[in-house]
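Since the structure comes first, as structure tokens, the remarks are kept for the end.
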DNA sequence: CCATGATTTGTTACAGGTAACATTACCATA
DNA sequence: TATGGTAATGTTACCTGTAACAAATCATGG
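Residue numbers (full-length UniProt numbering), protein chains in the order written: chain F, 1 to 336; chain V, 1 to 336.
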């Protein structure tokens, strides 16, 4: 019955036990199942817990059982609507299951990705949801050594570390390009920002569709983040490089909306003069005038599925399907 | 020299030590400062660490030193651009300082807030950044017992638990309303969603401004989340309840943009027929046609300052200023 | 060549909760 | 009353990294 709490630090089970006059084991039993202690103690312990404001400490559990009940989620960015919706999907599943989400982002830098994964692992996360398909050897080594389930999201093509859930970005871009061509567009320019794996795949899809129709692709690209103003800048560049541009396909809705507004300001009629299409189908693209043509992707479902499969793996089930390819669909809108 | 790693779990310091033939204490010394072990050992340890792919474990530290190097951030929502930018500001400061951000959200539910705070504390976070100004007694008790620095963000008015950093939402709403009135608007309707503390303050600011000018306030409200479509719905309601409505002030940009698009679709000229103003000044409001009038708030700076003050407190400094009131400013745009 | 001090490595204990095992208390029945 | 059995509670050890202290090793100068 050693007493601690000399320096008014946060109360421990021992403090509660001291107050009641039992050992901390008894209090621990009460916490897991109140019926495992005698009725009079139940009351006294319950009162003591309340009085002290006891908050459990997960560290001992992580230490002795390697179970943190935390899931690490590592995404390129948090200020991107796409990932915000993925996160919502993930939490929809993890939170009711009693898992805490530890969120981190790496700003599209492979170096930062390594350090973020190390940090998440150092907190003993029970599983990881990461994005992108390409990872450095050090990342692969860390993940293999950690021995926890890992799910990659966003893209469904590359061979996954263990399991991938996403869409076929290349096919989606091909489909939208093909659709614009069928609508009579010939000089379609692709706007690409943030040259990550998925953007490269989309560019490939666009270029393939153009070439399959004997058209010449033209892709404007930058490594910086996409934004509405970047869309406007790209529009100016495109018209300079190819004055008879009649279509614009953007790697995301932000660029597309920026380009569309720039057209409105410049007196260019959309879609009569130029067609514009985006990617992802954010709320705003479904509300604006004119409605934006875009590729609708199942972002929230992607997160939900990733979390569900992770939980299943944590329950000991094996990987059921290495690659889960989710459907996308084209929203025609009024801008094509 | 007891050997573990029988069940190929993640390697510990002991495993590294066994491989080198020293005690784990020696390896621990190397990790903190390589020069504290002899040069030949430096090499051997370094190789062993690499071979095994050792990843440190923070649990013992949390246990014995109550230092997790993690900061809990609790916000109402993550799928809201406002909070995404706050988070970016926070991470801009915390990440270089070696702190991991543990993000959680509670969907505007006080009950969920309690449980999220308990969870964050159970992971031994070193400090907390939370939002809103009203908290239940249980939350206040938990925070006081935890004995860690807490900073409240978003609003600068209510008496903080320890320290608050935000803007004066009521004054901001008053200023924008006053401005619209000066521009000749008389029948201004307020659109409010997600009735949290800050929204109530903004409504109060709007109502005060209207009354000070002998105008009758009319506020449309709902508890559901704001969205572009909600803005459109509200517009219809407003015109029905008050056909000669000549101004709309929205609690955020999403509602304002939704209302603006709905006007465009309905052939209502903005701002000739109706003025529209939003709140927060998101990227899109600065790019769209017409440019949206809005209240520009220092969201990223708010996060940055909160993190900086938290770090200062973690270094032992006292609270320097209980309430830090950040400036906002009005963006006139083209919609008023 | 030994004493002295500096450098390097080892030993022990601790943080908080819980599994596994040990003990005590209590009641019912022979 | 003794015995058996169950219910209630206590004891010990463990998980990992490191502070604090202890011991061993080495180099240097008298």
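For glycine and all other residues, C-beta sits at the position ideal for the given N, C-alpha and C.
query, result
"Residue 129(V): first and last residue of the uninterrupted beta strand (DSSP E) it sits in", "127-131"
"Closer than 7 Å at the beta carbon, the chain V residues around residue 363(F)", "Absent from the model: residue 363(F). The displayed extent of chain F is 1 to 336, so no value can be given."
"Distance between residue 67(F) and residue 102(F) (C-alpha atoms, nearest Å)", "14 Å"
"Distance, residue 21(V) Cα to residue 1(V) Cα", "Annotation note: pLDDT 40 at residue 1(V) (below 50); position unreliable, no value reported."
"Helix, strand or coil at residue 249(F) according to DSSP, with G and I counted as helix", "strand"
"Distance between residue 15(V) and residue 3(V) (C-alpha atoms, nearest Å)", "Low local confidence applies: a pLDDT of 42 at residue 3(V) is under 50, so the model's placement there is unreliable, and no value is given."
"Contact under 8 Å by Cβ, residue 152(F) with residue 160(F)", "yes"
"Beta-carbon separation (whole angstroms), residue 181(V) vs residue 190(V), contact threshold 8 Å", "At roughly 13 Å, the Cβ-Cβ gap does not stay under 8 Å, so residue 181(V) and residue 190(V) are not in contact."
"From 333(V), 328(V), 332(V), residue whose alpha carbon lies closest to that of residue 156(V)", "328(V)"
"Partners in chain V for residue 93(F), counting only beta-carbon separations shorter than 7 Å", "Chain V residues near residue 93(F): none, gap ~15 Å exceeds 7 Å."
"Any 3 or more C-beta pairs closer than 8 Å across the region 35-42 of chain F and the region 70-90 of chain F", "no"
"Sequence-distant residues of its chain with Cβ nearer than 6 Å to residue 333(F) (five each side left out)", "291, 292, 293"
"Partners in chain V for residue 78(F), counting only beta-carbon separations shorter than 9 Å", "78, 84, 87, 88, 91, 103"
"Rounded C-alpha distance that separates residue 224(F) from residue 198(F)", "15 Å"
"Partner residues on chain F for residue 62(V), Cβ-Cβ distance less than 7 Å", "59"
"Same chain, Cβ closer than 7 Å to residue 308(V), five either side skipped, listed in chain order", "93"
"Residues, ordered as in the chain, of the region 219-232 of chain F that lie near chain V by beta-carbon distance below 9 Å", "227, 228, 229, 231, 232"
"Cβ-based neighbour list, residue 331(V), same chain, cut-off 7 Å, excluding 5 preceding and 5 following", "281, 293, 294, 296"
"Residues of the region 300-312 of chain V with Cβ closer than 8 Å to any Cβ of chain F, in chain order", "none"
"Listed by chain order, chain V residues near residue 420(F) by CB distance under 9 Å", "Nothing about residue 420(F) can be reported from this structure: the residues present for chain F run from 1 to 336 only."
"Per DSSP, the bridge partner or partners of residue 104(F)", "74(F)"
"Anticipated Cβ contact below 8 Å, residue 314(V) with residue 127(V), distance rounded", "6 Å"
"C-beta neighbour in chain F for residue 71(V), strict 8 Å", "no"
"Min CB distance residue 283(F) to chain V below 8 Å", "yes"
"Minimum C-alpha distance to residue 195(F) - residue among 179(F), 244(F), 278(F), 108(F)", "108(F)"
"Cβ-Cβ separation, residue 283(F) to residue 83(V) (assumed contact under 8 Å), whole Å", "At roughly 16 Å, the Cβ-Cβ gap does not stay under 8 Å, so residue 83(V) and residue 283(F) are not in contact."
"8 Å Cβ cutoff, residue 147(V) in contact with chain F", "yes"
"Alpha-carbon spacing of residue 135(F) relative to residue 113(V), whole angstroms", "36 Å"
"DSSP-derived helix/strand/coil call for residue 288(V)", "coil"
"For residue 191(F): DSSP bridge partner residues", "220(F), 250(F)"
"Proximal residues, the region 264-283 of chain F versus chain V, C-beta separation under 7 Å", "264, 265, 283"
"Unbroken stretches of the alpha helix (DSSP H), 4 residues or longer, contained in the UniProt domain \"HTH cro/C1-type\" (12-55) of chain F", "13-20, 24-32, 39-52"
"For residue 288(F) and residue 321(F), the rounded distance between their alpha carbons", "39 Å"
"is_contact[residue 141(F), chain V] using C-beta, thresh 8 Å", "yes"
"Minimum C-alpha distance to residue 256(V) - residue among 270(V), 243(V), 201(V)", "270(V)"
"Proximity of residue 232(F) and residue 262(F) at Cβ, strictly below 8 Å", "yes"
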